[in-house]
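Numbering (the UniProt record's numbering), first residue to last: 1 to 343. We treat Cβ as the ideally placed atom computed from N, Cα and C, and that holds for glycine.
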């Protein structure tokens, strides 16, 4: 299928790929078919994450006759988060769509997500919900359900399906977030942290018919560790003293009470030198002081970071009424990413 390639497409579709050579021809054709059914122009950023099965060669072959297909090749296998970020760094559309390459996501559902963004200005991100999952393995379904509930409760972003790769975003949201490690699982939480308004729509899901799944039960433990990072990032990134200092006070306070009580006992003439409680009190106070010191160091680092022109501390939109003479396009919010300088 050959189409005119727009210089600035409306939609950028980002697909991370790792050893999916058998699925690529069908994937590309189905995405093209889905996008031809709606009026928005598009580009497909297929990011090969160091595949070893010939996926890179297949992408080159497919791109030769499809000007809207833009293959991106990573030097080695860096992981899904890095592959997505490599695609996000190159998007040009005002909407960004992500999905997996294993064809378990349904490309024909992409227009459904885009239509929601087009018709609802109060939504910045549409997340797919695999309401009727076709995974055969209970080892994938059960941990996924548990993880969705835990992540929703701890981050405050209530979704049925964090693991669904099929999502659509307004471009400013993608421009504000950075992925590293394995944070791709928590994109809704990161999006909320930069001000995104999120909704969820049911999408279709298919069982894998070709290729081998790259997921295992071991990722459950990695999710728990990443969740701790996300909660800290969302709540205490700009105030680390509240995290470390709060924990330090909880440790130092009982330690101080223990030592005070032992001091009274000592003044009354009792021997306290061999009592385990003395060691416990000293350890609690020392750990508390160390945690508070860590919080202060974190605050100093944040101050240096923002004064040096680091990432924006907040994102805002300025509304200019239609009757203003400086208004170029009436009735549109003007996005402004601002850095709050520390005095």
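8 Å Cβ cutoff met for residue i and residue j
i	j	result
residue 247	residue 291	yes
residue 296	residue 251	no
residue 281	residue 262	yes
residue 237	residue 109	no
residue 67	residue 129	no
residue 168	residue 117	yes
residue 206	residue 80	no
residue 345	residue 243	Absent from the model: residue 345. The displayed extent of the chain is 1 to 343, so no value can be given.
residue 191	residue 177	yes
Reduced DSSP secondary structure (H/G/I, E/B, other) of residue i
i	result
residue 250	helix
residue 169	strand
residue 61	helix
residue 129	strand
residue 91	coil
residue 32	helix
residue 204	coil
residue 148	helix
residue 22	coil
residue 112	helix
residue 46	strand
residue 7	coil
residue 39	coil
residue 188	helix
residue 285	helix
residue 342	Low local confidence applies: a pLDDT of 36 at residue 342 is under 50, so the model's placement there is unreliable, with the coordinate-based value given in what follows. Coil at residue 342, not helix or strand.
residue 268	coil
residue 230	helix
residue 177	coil
residue 66	coil
residue 16	strand
residue 276	helix
residue 240	helix
residue 71	strand
Residue i versus residue j - alpha carbon distance
i	j	result
residue 112	residue 294	48 Å
residue 90	residue 107	21 Å
residue 34	residue 41	11 Å
residue 64	residue 17	18 Å
residue 70	residue 59	9 Å
residue 197	residue 49	30 Å
residue 329	residue 28	With a pLDDT of only 47 at residue 329, under 50, the local geometry of the prediction cannot be trusted, and no value is derived from it.
residue 277	residue 256	12 Å
residue 146	residue 62	39 Å
residue 194	residue 272	54 Å
residue 11	residue 43	6 Å
residue 131	residue 298	42 Å
residue 7	residue 225	42 Å
residue 115	residue 31	16 Å
residue 338	residue 122	Caution applies to residue 338, whose pLDDT of 44 falls short of 50 and renders its modelled position unreliable; the value that the coordinates give is listed next. Cα-Cα distance, rounded: 21 Å.
residue 260	residue 235	34 Å
residue 181	residue 37	36 Å
residue 187	residue 179	8 Å
residue 72	residue 26	19 Å
residue 144	residue 150	10 Å
residue 120	residue 300	42 Å
residue 279	residue 286	11 Å
With 16 other Cβ atoms within 10 Å as the buried cut-off, status of residue i
i	result
residue 332	Annotation note: pLDDT 47 at residue 332 (below 50); position unreliable, coordinate value reported separately. Exposed, since its Cβ has fewer than 16 Cβ neighbours within 10 Å.
residue 304	exposed
residue 341	A caution first: residue 341 carries a pLDDT of 37, below 50, which makes its placement in the model unreliable, though a value can still be read off. Classification of residue 341: exposed, given that the 10 Å Cβ count is below 16.
residue 264	exposed
residue 240	buried
residue 183	buried
residue 163	buried
residue 74	buried
residue 228	exposed
residue 100	buried
residue 102	buried
residue 269	exposed
residue 267	exposed
residue 24	buried
Spatial neighbours of residue i in its chain, beta-carbon cut-off 6 Å, leaving aside the 5 residues before and after
i	result
residue 189	155, 157, 230
residue 124	170, 173, 196, 197
residue 77	49, 50
residue 19	51, 53
residue 39	none
Close Cβ partners of residue i (< 8 Å) along its chain, the five nearest in sequence each way excluded
i	result
residue 14	45, 47, 84, 87, 88, 91, 96, 97, 98
residue 200	126, 127, 128, 129, 159, 160, 161
residue 245	291, 292, 295, 296
Same chain only: Cβ atoms within 7 Å of residue i, ignoring 5 sequence neighbours per side
i	result
residue 288	248, 249, 251, 252, 255
residue 223	147, 185
Residue-chain proximity (residue i, chain C), Cβ-Cβ < 8 Å
i	result
residue 167	No chain C appears in the structure shown, which is made up of a single protein chain.
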